[in-house]
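If you read the sequences in order, they're chains A and B.
Each residue of the first sequence is one higher than the one before, counting from 1 in the working numbering.
Each residue of the second sequence is one higher than the one before, counting from 1 in the working numbering.
Reviewing the structure listed below.
Protein chains: 2
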Amino acid sequence: MSQPRYDVLAIGNAIVDVMAPAEDAEIERLGMVRGGMMLVDTDQANALYDAMGPAREISGGSAANTLAGLAALGAKCAFIGQVADDQLGAVFAHDIRASGIAFATPARPGSDGDGPPTARCLIFVSSDGQRTMNTYLGASQFLPAAALDEALIADAAVLYLEGYLWDPEEPRAAMRAAIAAAKGAGRKVAFTLSDGFVIERHGDDFRALIDAGDIDILFANEHELAVLTGKADFHDGMAALAGKLPVLVVTRSEKGAVAVAGGEQAAVAAEPVGHVIDTTGAGDLFAAGFLFGHVRGKALNECLHLGAICAAEVISHYGARPEADLRELVQGMAG
Amino acid sequence: MSQPRYDVLAIGNAIVDVMAPAEDAEIERLGMVRGGMMLVDTDQANALYDAMGPAREISGGSAANTLAGLAALGAKCAFIGQVADDQLGAVFAHDIRASGIAFATPARPGSDGDGPPTARCLIFVSSDGQRTMNTYLGASQFLPAAALDEALIADAAVLYLEGYLWDPEEPRAAMRAAIAAAKGAGRKVAFTLSDGFVIERHGDDFRALIDAGDIDILFANEHELAVLTGKADFHDGMAALAGKLPVLVVTRSEKGAVAVAGGEQAAVAAEPVGHVIDTTGAGDLFAAGFLFGHVRGKALNECLHLGAICAAEVISHYGARPEADLRELVQGMAG
């Protein structure tokens, strides 16, 4: 098996985030669950956008955010995801390429009005930094299996997949094919569970993938762990899952994170943050730091520490992609 | 003359800013003048965008930014400007309306590929907060005189115009017609000179407007004052212009600002700012604060102070529109 050209190849939603501050009362009035992620159709997206304050647009998408963090740390990355050939699609493509990430999935017709536009996530950010997300998937849900490049999959040490993309049928089929290709090439598969509701919809699929040994590294937060395992107690949840996965990483917000790998367990405290501005992307950037450590062969506690540093950076400002120089922030650890 | 419905009606470029941090060496390498504003065509815009790092999109446009500040302070505002019927046009329209500003100029065909798209300004932000702007005017330069609503002009206490929009022919004609309409209705005309190069191109027009008594309130920065008057010395420049204008306001960056009105002169120091992040919109928000004081009948020094507070807020974060609650910041002054 030759040395792979990329550290991480990710398949994920190609989304531009539309972000604005919001009062919690407004979030409730609009029928959203504070801190949640809801899929919305065109009419819902338009109504929520109308209700939103002046916003800013910043490229997002869970796995794409993770890659942006990995690339900022110095990893070689590639992304597969579906945009439309419209202005937001051009914004997404620019931002990911400008981050140094290879991205070659052709844009889908959309600007002529016949196809769905590039995906948007309308994010209402509360004054304590909590984010409430409303995702209009648009073109992103039509990522075809044909967009996969098996040679590319074989050429990346880790294939990284987001659970969010398990909802729509075409990308789900594409991800199943990608897992088979990665496994066939002897590469690792990393998976993030993304969201409790996603697990409620697709938990059987996820548990089957885990039981079949198709997932080498699983990322979850505490709530997702509980939903996937059916165990309300954190330790019970960890115990139920740890033996089935080479690496299990569970983030616990301000309580830090825990990882179990090959019988070894490690934990890290959350990094101190002066002022939490916007928690969008916290899990994505934790995964970035952890995966970076993993592909560089770091010890488990160091991987967790790298994750905590990256997560702390991204919640200190608006937007789910890093702004500070992550290599500088992890100085001495990123070698 | 009845009580006008709006405090300020502005005519300006309808632009979405595309902003990214940049090294000064890179700004030089790309042939830009640090701190300047350059008009770019499609090819130049594409080449500069390709050279730009991961960016964020935030609605901008000089006069539109000023209105956003005015509206945040509690003024009633309306905007006239030209977007295309594309995604960035929808972003601009959303943001200005979500700021509480009336905006009814119909979008121009653009998304079908036949017309120019919504204007963008590619802004490279240096580590000291200096901004270097590259404006692709697109649809904005085709604002037709037909977009003017004379009843609306007559219904605003102040008509506010930006010099930037003097470059393209159609909006220039529209602004001349707007000045005539405002004057005919007994309203005030405020004008911002915008940029030294704009004055080099159109100084004769601007001086003629001033000499004809068409401008009641003129906003300039120190450099623009020198270019317009041909006087290198600040005090000589003020002396040359002050007698020709009911109100003259000159901003001087970290040296604060000076205003002369009816023989009275006042000055204000710059507000202290913890960390200057991005100076985009500093002049626009100074004008917002000053105009707010003016339409509320405040004393000249209070108008300047309001301007300084608003400018300080906008340079403390990315983007040329206010993020903090301006009414709270000027508490006790905004009554």
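Cβ coordinates follow ideal geometry from the N, Cα and C atoms, glycine included.
Query	Result
Amino acids of chain B, ordered along the chain, whose beta-carbon sits closer than 7 Å to that of Gly-274 of chain A	Chain B residues near Gly-274 of chain A: none, gap ~12 Å exceeds 7 Å.
Val-83 of chain B vs Ala-139 of chain B beta-carbon contact at 8 Å	yes
For Lys-231 of chain A: DSSP bridge partner residues	Answer is none; Lys-231 of chain A lacks a bridge partner.
Proximal residues, the segment 77-99 of chain B versus chain A, C-beta separation under 7 Å	Asp-86, Gln-87, Leu-88, Val-91, His-94, Asp-95, Ala-98, Ser-99
Chain-ordered residues of the segment 56-67 of chain A with a beta carbon less than 9 Å from chain E	No chain E is part of this structure, whose protein chains are labelled A and B.
Between the CA atoms of Ala-259 of chain B and Val-247 of chain B - distance to the nearest angstrom	7 Å
C-beta atoms of Met-52 of chain B and Leu-122 of chain B nearer than 8 Å	yes
Helix, strand or coil at Lys-188 of chain A [DSSP, three-state]	strand
Segment contact flag, the segment 277-285 of chain A with the segment 308-322 of chain A, C-beta cutoff 8 Å, min 3 pairs	yes
Collapsed DSSP secondary structure at Asn-13 of chain B in the structure displayed	coil
Beta strand (DSSP E) runs wholly inside the segment 197-261 of chain A, at least 3 long, in chain order	217-221, 247-251, 257-261
Beta carbon proximity, Pro-106 of chain A to chain B, threshold 8 Å	no
Nonlocal neighbours in the same chain, by C-beta distance under 6 Å from Ala-266 of chain A, ignoring five residues either side	Ala-259, Leu-300, Asn-301, Leu-304
Neighbour list for Ser-111 of chain B in chain A, Cβ cutoff strictly below 9 Å	Asp-86, Gln-87, Ser-111, Asp-112, Gly-113
DSSP three-state assignment for Tyr-160 of chain A, whether helix, strand or coil	strand
Proximal residues, the segment 303-322 of chain B versus chain A, C-beta separation under 7 Å	Gly-319, Arg-321
Burial state of Gly-293 of chain B (16 or more Cβ within 10 Å)	buried
For Glu-264 of chain A, the first and last residue of its enclosing alpha helix (DSSP H)	No alpha helix (DSSP H) holds Glu-264 of chain A; the beta strand (DSSP E) holding it covers 264-268.
Ala-42 of chain B classed as buried or exposed, judged by whether at least 16 other C-beta atoms fall within 10 angstroms	Here the sequence assigns Thr to residue 42 of chain B, which means Ala is not the residue at that position. Counting Cβ neighbours within 10 Å, Thr-42 of chain B comes out exposed, since fewer than 16 surround it.
When B:Val-125, B:Gly-237, B:Ala-320, B:Val-276 are compared against Pro-54 of chain B, the one with the closest alpha-carbon	B:Val-125
Nearest to Asp-325 of chain A (by Cα), restricted to the options A:Gly-69, A:Tyr-49, A:Ser-2	A:Gly-69
Whole-angstrom C-beta distance between Ala-63 of chain A and Ile-101 of chain A, which should lie under 8 Å	That pair is no contact at about 11 Å.
Same chain, Cβ closer than 8 Å to Ala-220 of chain A, five either side skipped, listed in chain order	Thr-192, Leu-193, Leu-228, Leu-248, Val-249, Val-250, Thr-251
Ordered list of beta strand (DSSP E) runs contained in the segment 118-145 of chain B, each at least 3 residues	119-125, 131-136
Cβ shell of Asp-7 of chain B (< 6 Å), same chain only, five flanking positions each side left out	Ala-75, Lys-76, Ala-157, Val-295
Whole-angstrom distance between Ala-240 of chain B and Met-199 of chain B, CA atom to CA atom	Reading off the sequence shown, one finds Ile at residue 199 of chain B, where the question assumed Met. Computed Cα separation, rounded: 16 Å.
For Met-38 of chain B, the three-state DSSP class (helix, strand or coil)	strand
Exposure of Glu-344 of chain A, with buried meaning 16 or more beta-carbon neighbours within 10 Å	With chain A covering only 1 through 335, there is no way to say anything about residue 344 of chain A.
Under 9 Å from the C-beta of Met-52 of chain A: neighbouring residues of chain B	His-94, Ala-98
Where Val-33 of chain A falls, given that 16 or more other Cβ within 10 Å makes a residue buried	exposed
Start and end residues, beta strand (DSSP E) containing Ser-59 of chain A	56-59
Chain-ordered neighbours of Tyr-49 of chain B on chain A, where CB pairs are closer than 7 Å	His-94
Proximity below 8 Å, CB of Leu-137 of chain B to CB of Pro-117 of chain B	no
Beta carbon of Ala-308 of chain A nearer than 8 Å to that of Glu-271 of chain A	yes
8 Å Cβ cutoff met for Ser-59 of chain A and Val-16 of chain A	yes
Proximity below 8 Å, CB of Val-40 of chain B to CB of Thr-135 of chain B	yes
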